[in-house]
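Chemist: What the sequence shown shows, in this note's numbering, is residues 13 to 722, in sequence order.
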Amino acid sequence: MATSTTTKNKIKKSTKSTTKKRTTKKKLVIVESPAKAKTIGKYLGRTYHVVASKGHIRDLPKSRMGIDIDDNFTPEYISIRGKGDTIKMLKAEAKKAKEIYLASDPDREGEAIAWHVSHALKLDVKQANRVTFNEITKDAVKEAFKHPRTIDMNLVDAQQARRVIDRLVGYSISPILWKKVKKGLSAGRVQSVALWIIIQREKEIRAFEPEEYWTIDSIFKKGRSKFKASFYGVNGKKVNLKNNDDVQNILKQINTKKDFDIKDVKKREKKRQPPRPFTTSTMQQDANRKLKFKTSRTMMAAQQLYEGINIGKEGSQGLITYMRTDSTRISAGAKHEAAEFIHQEYGADYAMNHPKVGKLPEGAQDAHEAVRPTSVKHTPKSIEKYLTKDQFKLYSLIWSRFLASQMTPAIVDTETVTVQQNGVEYRANGSKLKFEGYLKVYSAGKEKDNILPELAVGDSVSLESNLPDQHFTQPPARYTEANLIKTLEENGVGRPSTYAPTLMTIQKRYYVKLDARRFVPTELGEIVDKLIEEYFPDIVNVDFTADIEGKLDDIEAAKLKWINLVNSFYDPFAKEVDFAEKEMKDVQIKEPLAGFNCEICGAPMVVKMGKYGKFFACSRFPDCRNTQTIVKEIGVTCPVCQKGQVIERKTKKNRLFYGCSNYPECDFVSWDKPIGRNCPKCNHFLVNKKVRGGWQVICPEGDYQEDVIK
Numbered sequence: 013m014a015t016s017t018t019t020k021n022k023i024k025k026s027t028k029s030t031t032k033k034r035t036t037k038k039k040l041v042i043v044e045s046p047a048k049a050k051t052i053g054k055y056l057g058r059t060y061h062v063v064a065s066k067g068h069i070r071d072l073p074k075s076r077m078g079i080d081i082d083d084n085f086t087p088e089y090i091s092i093r094g095k096g097d098t099i100k101m102l103k104a105e106a107k108k109a110k111e112i113y114l115a116s117d118p119d120r121e122g123e124a125i126a127w128h129v130s131h132a133l134k135l136d137v138k139q140a141n142r143v144t145f146n147e148i149t150k151d152a153v154k155e156a157f158k159h160p161r162t163i164d165m166n167l168v169d170a171q172q173a174r175r176v177i178d179r180l181v182g183y184s185i186s187p188i189l190w191k192k193v194k195k196g197l198s199a200g201r202v203q204s205v206a207l208w209i210i211i212q213r214e215k216e217i218r219a220f221e222p223e224e225y226w227t228i229d230s231i232f233k234k235g236r237s238k239f240k241a242s243f244y245g246v247n248g249k250k251v252n253l254k255n256n257d258d259v260q261n262i263l264k265q266i267n268t269k270k271d272f273d274i275k276d277v278k279k280r281e282k283k284r285q286p287p288r289p290f291t292t293s294t295m296q297q298d299a300n301r302k303l304k305f306k307t308s309r310t311m312m313a314a315q316q317l318y319e320g321i322n323i324g325k326e327g328s329q330g331l332i333t334y335m336r337t338d339s340t341r342i343s344a345g346a347k348h349e350a351a352e353f354i355h356q357e358y359g360a361d362y363a364m365n366h367p368k369v370g371k372l373p374e375g376a377q378d379a380h381e382a383v384r385p386t387s388v389k390h391t392p393k394s395i396e397k398y399l400t401k402d403q404f405k406l407y408s409l410i411w412s413r414f415l416a417s418q419m420t421p422a423i424v425d426t427e428t429v430t431v432q433q434n435g436v437e438y439r440a441n442g443s444k445l446k447f448e449g450y451l452k453v454y455s456a457g458k459e460k461d462n463i464l465p466e467l468a469v470g471d472s473v474s475l476e477s478n479l480p481d482q483h484f485t486q487p488p489a490r491y492t493e494a495n496l497i498k499t500l501e502e503n504g505v506g507r508p509s510t511y512a513p514t515l516m517t518i519q520k521r522y523y524v525k526l527d528a529r530r531f532v533p534t535e536l537g538e539i540v541d542k543l544i545e546e547y548f549p550d551i552v553n554v555d556f557t558a559d560i561e562g563k564l565d566d567i568e569a570a571k572l573k574w575i576n577l578v579n580s581f582y583d584p585f586a587k588e589v590d591f592a593e594k595e596m597k598d599v600q601i602k603e604p605l606a607g608f609n610c611e612i613c614g615a616p617m618v619v620k621m622g623k624y625g626k627f628f629a630c631s632r633f634p635d636c637r638n639t640q641t642i643v644k645e646i647g648v649t650c651p652v653c654q655k656g657q658v659i660e661r662k663t664k665k666n667r668l669f670y671g672c673s674n675y676p677e678c679d680f681v682s683w684d685k686p687i688g689r690n691c692p693k694c695n696h697f698l699v700n701k702k703v704r705g706g707w708q709v710i711c712p713e714g715d716y717q718e719d720v721i722k
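#1: Can you tell me where the alpha helix (DSSP H) holding residue 574 begins and where it ends?
#2: Indicate the three-state DSSP secondary structure (helix, strand or coil) for residue 163 in the structure shown.
#3: So, with DSSP's three-state summary, where would you put residue 142?
#4: Can you name, in chain order, every residue of its own chain whose Cβ lies under 7 Å from the Cβ of residue 468, other than the five neighbours on each side?
#5: For the structure I just gave you, are there three or more beta carbon pairs, one from the segment 534–544 and one from the segment 143–152, closer than 8 Å?
#6: Taking only the alpha-carbon atoms, compute the straight-line gap between residue 285 and residue 89 and give it to the nearest angstrom.
#7: Just to confirm my understanding: we take residue 661, look at its own chain, exclude 5 residues before and 5 after, and list those with CB closer than 6 Å. What are they?
#8: Could you tell me whether the Cβ atoms of residue 589 and residue 557 are closer together than 8 Å?
#9: Report yes if the CB atom of residue 591 is closer than 8 Å to the CB atom of residue 547, and no otherwise.
#10: Taking only runs of the beta strand (DSSP E) that begin and end inside the segment 236–307, which ones reach a length of at least 3 residues, in chain order?
#11: Between which residues of its own chain and residue 704 is the CB-CB distance below 6 Å, once the five residues before and five after are set aside?
#12: If you pair each beta-carbon of the segment 66–73 with each one of the segment 91–98, do three or more pairs fall below 8 Å?
#13: Three or more C-beta pairs under 8 Å: does that hold for the segment 226–239 against the segment 476–492?
#14: Any chance you could list the beta strand (DSSP E) runs of at least 3 consecutive residues sitting entirely within the segment 637–701, in chain order?
#15: Going by CA-CA distance only, name the one from 307, 218 and 573 that's closest to residue 488.
#16: Using the Cβ count rule (16 or more neighbours within 10 Å means buried), how would you classify residue 377?
#17: Following the continuous beta strand (DSSP E) through residue 228, name the residue where it begins and the one where it ends.
#18: Taking 8 Å as the limit between beta carbons, can you name the residues of its chain near residue 653, skipping five residues before and five after?
#19: Hey, how far is the Cα of residue 41 from the Cα of residue 333?
#20: Comparing alpha-carbon positions, which option in 686, 711 and 684 lies nearest residue 695?
#21: Using the three-state DSSP reduction, which class does residue 632 fall into: helix, strand or coil?
#22: Measure the alpha-carbon distance for residue 352 versus residue 412 and round it to whole angstroms.
#23: Within 10 Å of its beta-carbon, does residue 305 have 16 or more other beta-carbons around it, so buried, or fewer, so exposed?
#24: Residue 109 and residue 52 look like a contact to me (Cβ under 8 Å); what is the Cβ gap, rounded to whole Å?
#25: If you draw a straight line from the C-alpha of residue 162 to the C-alpha of residue 96, how long is it?
#26: Are the segment 123–139 and the segment 163–170 touching, with three or more C-beta to C-beta distances below 8 Å?
#27: Report yes if the C-beta distance between residue 382 and residue 336 is below 8 Å; otherwise report no.
#28: Using the three-state DSSP reduction, which class does residue 335 fall into: helix, strand or coil?
#29: How many Å lie between residue 265 and residue 434 at the Cα?
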């Protein structure tokens, strides 16, 4: 049957229209973060559409355990409250998509997010739609999309095992603590060990008994040059000075009118090796020590640097590699780029010819590299204007640490001189930096030369003065965030992603507080720790917790089934829970009296601990709900209204500021502490401001300032 020309044209138009509609379908890429989606979208081009799940979309319910213990510990996953619109959006985009790729982060948590998204969208888990990359750069992302793989269920199972065990611990012990101690408490597999470590250190400090010891530092002179030497011993043997009698016995052996002889001079050349590039843990430690960053602050800035920053003409760039890693491995490409940069900027003498191969701690996950800049050519100075202060400080630290790891060792000339008279020996140590090496870009502290005068065996030097000094041994220091993270890592407790939330939780529950940036356990923390240690000894056992981490690694490596691990953990744990429910006695926490009575009912007021710190409350609560804010006056009259007192206040994020007690009638506020004096130049009130090296009185409105007080 013949077809008319008009009909043929309609068929052609229809075919063209259908083809056009098909070609407009895009490939859908799902990541966790909107910032990451924005960066990746620019790299992949118009044929891709990148959207964000904004983290997990499914999780265990908050209101109950959510684990079916009788059915092989099957988790009950539900859609996270508030994620309904996101899930609808993902489903709608998936229906329109030509292909779907899951590109969440390259770790267990990222794999689990991809798996949950896959389940919500009813994707085939055997489909090769999982894409991972260790850095968000154009080349890395495009290369990753050439090699999609299936979801790694071993990674998912490892994350699921951790989640289930942590849920069993938290949702079994916490209700017992609520019943026996007070509501709002919690226990956790890693947080309980961290608390236990802090309290063990506090016990060591309390039990510590100082011991007396003495030193003798003396000044010697040769010609016009003077140098300091310290007492070592007698006749070549080290002598410890325990008391003043020991010091006087040594001084009696010295003839102050007679010169000392140079008995020995040892000169050596020492190589100071460069540090390895950052892991998550060492980055958190260094940021805490050098930048005074809390762990959560470090990880927030690192996340932003990883996901992408707009740096002008180059557009949005991921500036560092993935920031959750315990590997120090560096890719060959990154080493090559660093070597070229070092040759060009500093010279061949500074470039390491044979870079070290990074070692992994036992049980470490080598899924990706160390934390490093994605391109060493992005120097901190060149991109500073595009970064926030926190981003710039952290990026500078990461950039310099990585560059230093690829540089030659520093060379230091050292000298040890032994000074002797009548068998009494002093030793002087000198050092001089001969070659900077990696110290050109990265230093752990202030490098100072200590140059001794030219001394040779047989020379004579005169004694200028003896300076005996009494000392007492000091107790071990309390943990800083950096020290605690290092201790947790050394003991195999937790993993890179767990340190920040762990430290936040023990502070949020008021188990510990920070005093001069060091952790001090509270009475509540010690009560909770004592109960857990008594009734759940494995939970605060460092070796037990580290063993769990090792077995999670075995699940990831397909050496162990996740259900077997959970089952072996739960059987003895369930018996401990039953015993604690029956035998644990109620604990009464004594709330200190405030020293005045409630103006509503007349009952004594007490000091209570709330979400944002301490406050006054009526002792008859809940019958009487009267509360008052605890006001701390600083002894200064308000400089604005001249009526109220300046008091300490805190923001919701716990940042200290100063305000007027007459608020809201007087709206005076200041981040810096007023001192009660006015500027001699402009009469504005003066404040005490924290500066490098101490505190300084300044005028906020003018240029007047006083000397720094250390």
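Every residue gets a Cβ at the ideal spot worked out from N, C-alpha and C, and that includes glycine. Nothing here was measured: the structure is a model prediction, and the numbers come from that model.
Modeler: Put simply:
#1: Position 562 of the sequence shown, counted from the first residue, corresponds to residue 574. Per DSSP, residue 574 belongs to the alpha helix (DSSP H) from 574–595.
#2: Residue numbering aside, residue 163 sits at position 151 when the sequence shown is read from its first letter. Coil at residue 163, not helix or strand.
#3: Position 130 of the sequence shown, counted from the first residue, corresponds to residue 142. Three-state result, residue 142: strand.
#4: Position 456 of the sequence shown, counted from the first residue, corresponds to residue 468. These residues qualify, in order along the chain: 274 and 277.
#5: no
#6: Along the sequence shown, read from residue 1 onward, the residue named residue 285 stands at position 273. Along the sequence shown, read from residue 1 onward, the residue named residue 89 stands at position 77. Residue 285 and residue 89: Cα-Cα distance of roughly 50 Å.
#7: Your numbering for residue 661 matches position 649 in the sequence shown. If we look at residue 661 and ignore the five residues flanking it on each side, its Cβ neighbours are 669 and 671.
#8: Against the sequence shown, residue 589 aligns to sequence position 577. Against the sequence shown, residue 557 aligns to sequence position 545. No, the Cβ-Cβ distance between residue 589 and residue 557 is not below 8 Å.
#9: For the purposes of this step, residue 591 is taken as residue 579 along the sequence shown, with counting starting at 1. For the purposes of this step, residue 547 is taken as residue 535 along the sequence shown, with counting starting at 1. For residue 591 and residue 547, yes; Cβs fall inside 8 Å.
#10: 237–246 and 272–284
#11: In the sequence shown, counting from the first residue as 1, residue 704 sits at position 692. Taken in chain order, the list of residues that qualify is empty.
#12: yes
#13: yes
#14: 639–641, 644–649, 657–662, 668–672 and 685–690
#15: By 1-based counting over the sequence shown, the position of residue 488 is 476. If we check each option's Cα against that of residue 488, 218 comes out closest.
#16: Start at 1 with the first residue of the sequence shown, and residue 377 comes out as number 365. Confidence at residue 377 is low in this model, with a pLDDT of 41, below 50, so its placement is unreliable and no value can be given for it.
#17: Locating residue 228 in the sequence shown gives position 216, counting from the first residue. Element bounds for residue 228: 224–234.
#18: As a position in the sequence shown, residue 653 is number 641, starting the count at 1. Same-chain partners within the cutoff: 672, 674, 677, 678 and 680.
#19: As a working mapping, residue 41 is identified with position 29 in the sequence shown. As a working mapping, residue 333 is identified with position 321 in the sequence shown. Near 20 Å, if we compare the C-alpha coordinates of residue 333 and residue 41.
#20: Counting from 1 along the sequence shown, the entry for residue 695 is found at position 683. When each option's Cα is compared against that of residue 695, the closest is 711.
#21: In the sequence shown, counting from the first residue as 1, residue 632 sits at position 620. Reduced to three states, the DSSP call for residue 632 is coil.
#22: Taking the sequence shown and counting its residues from 1, one reaches residue 352 at position 340. Taking the sequence shown and counting its residues from 1, one reaches residue 412 at position 400. When rounded, the distance between both Cα atoms is 15 Å.
#23: As a working note, residue 305 is residue 293 in the sequence shown. Buried.
#24: As a working note, residue 109 is residue 97 in the sequence shown. As a working note, residue 52 is residue 40 in the sequence shown. Actually they do not touch by this definition, with Cβ atoms about 15 Å apart.
#25: As a position in the sequence shown, residue 162 is number 150, starting the count at 1. As a position in the sequence shown, residue 96 is number 84, starting the count at 1. When rounded, the distance between both Cα atoms is 26 Å.
#26: yes
#27: Taking the sequence shown and counting its residues from 1, one reaches residue 382 at position 370. Taking the sequence shown and counting its residues from 1, one reaches residue 336 at position 324. The answer is no: Cβ separation not under 8 Å.
#28: One-based indexing of the sequence shown puts residue 335 at position 323. Here residue 335 sits in coil by DSSP.
#29: Stepping through the sequence shown from its first residue, residue 265 is reached at position 253. Stepping through the sequence shown from its first residue, residue 434 is reached at position 422. Each residue's alpha carbon lies about 7 Å from the other.
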